[in-house]
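Student: Quick note: the sequence shown uses our numbering, first residue 319, plus one each step.
Each residue gets a CB set at the ideal place from its N, CA and C atoms; glycine is no exception.
Given the structure is predicted, the values throughout are model-derived calculations rather than measurements.
One structure, as structure tokens, below. Some questions next.
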Amino acid sequence: MPVVVDGRRLRLTGVLDYRPPGPGWAWIAASAVLAAAGVMLALRSRLVLVAVAVTAVALIWALRAGRELYGRPNVPTIGYVQIGLTSVIGCALLCGLLNRDGRVLAAFLVGFGGLYEGLTMLPLLTHAIALNALPSTVARVVEALVLATGIGALGGSVLGPLREAA
319 MPVVVDGRRL
329 RLTGVLDYRP
339 PGPGWAWIAA
349 SAVLAAAGVM
359 LALRSRLVLV
369 AVAVTAVALI
379 WALRAGRELY
389 GRPNVPTIGY
399 VQIGLTSVIG
409 CALLCGLLNR
419 DGRVLAAFLV
429 GFGGLYEGLT
439 MLPLLTHAIA
449 LNALPSTVAR
459 VVEALVLATG
469 IGALGGSVLG
479 PLREAA
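This is the structure in structure tokens:
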């Protein structure tokens, strides 16, 4: 295939590599089982809810940073700004989780963020190659755990206070 690179006419050579998609439904099923376990764990106590939410914050940050840093020889400034904003929001949520009065609200926000990030990155589970700076298998495991901990934190923050009030 002829192309022009830096004013010179070059010919691309190589092999086109095709990889069939992996078992996407198996990853989604694993995420669903882990999410149910996360909700059940988060309902046990507020301390477990906080632990699930703190885990979700770390996993969300890793997945988001991997997405921003993927596939570029030079990451644009906006990529670093977005990673910085994600870090600041994550630190604010961690402070909220450490504050006794704001734990449930912070866990709700973490859960909502985890659900958003998990659904946004769902193609990681259904495509053959993960478009992420993390290795494909690691990115898929982190994605499944983000969905699980996000749903766990969201479910625990909503259902936990309802159960305590009853």
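Check this for me: beta carbons of P341 and H445, under 9 Å apart or not?
Tutor: Not in contact: P341 and H445 (Cβ atoms no closer than 9 Å).
Student: For I447, count neighbouring C-beta atoms within 10 Å of its own C-beta (all shown protein chains included) and say buried if the count is 16 or more, exposed if not.
Tutor: Counting Cβ neighbours within 10 Å, I447 comes out exposed, since fewer than 16 surround it.
Student: Using the Cβ count rule (16 or more neighbours within 10 Å means buried), how would you classify W345?
Tutor: W345 should be labelled buried.
Student: Go ahead and pull the three-state DSSP assignment for R458.
Tutor: Three-state result, R458: helix.
Student: For N450, is the classification buried or exposed, using 16 other Cβ atoms within 10 angstroms of its Cβ as the cut-off for buried?
Tutor: Buried.
Student: Evaluate contact between the segment 371-385 and the segment 418-438, counting only Cβ atoms and requiring at least three cross-stretch pairs below 8 Å.
Tutor: Output reads yes: the segment 418-438 touches the segment 371-385.
Student: Along the alpha helix (DSSP H) that carries R382, what are the first and last residues, could you check?
Tutor: Note, R382: alpha helix (DSSP H), 364-386.
Student: Does the contact criterion of 3 or more C-beta pairs under 8 Å hold for the segment 411-425 versus the segment 346-357?
Tutor: Touching, no, given that fewer than three Cβ pairs across the two stretches are closer than 8 Å.
Student: Spatial neighbours of E260 within its chain, please: CB distance less than 6 Å, with the 5 preceding and 5 following residues excluded, ordered by chain position.
Tutor: Because the chain is modelled from 319 through 484, residue 260 falls outside the range shown and cannot be assessed.
Student: Just to confirm my understanding: we take T467, look at its own chain, exclude 5 residues before and 5 after, and list those with CB closer than 7 Å. What are they?
Tutor: These residues qualify, in order along the chain: G356, V370, T373, A374, L377, G432.
Student: Between G478 and G429, is the Cβ-Cβ spacing less than 9 Å?
Tutor: No.
Student: What three-state label does DSSP hand R418 in the structure shown?
Tutor: Correct three-state label for R418: coil.
Student: Given that a residue counts as buried once 16 or more other Cβ atoms are within 10 Å of its Cβ, and exposed if not, what is R362?
Tutor: R362 is exposed by the Cβ-count criterion.
Student: Spatial neighbours of V456 within its chain, please: CB distance less than 7 Å, with the 5 preceding and 5 following residues excluded, ordered by chain position.
Tutor: The answer is none, since no qualifying residue turns up.
Student: So, are the CB atoms of L472 and L352 less than 9 Å apart?
Tutor: Not in contact: L472 and L352 (Cβ atoms no closer than 9 Å).
Student: Starting from V333 and walking both ways along the beta strand (DSSP E), at which residues does that stretch end?
Tutor: V333 -> no beta strand (DSSP E), and no H or E assigned at all.
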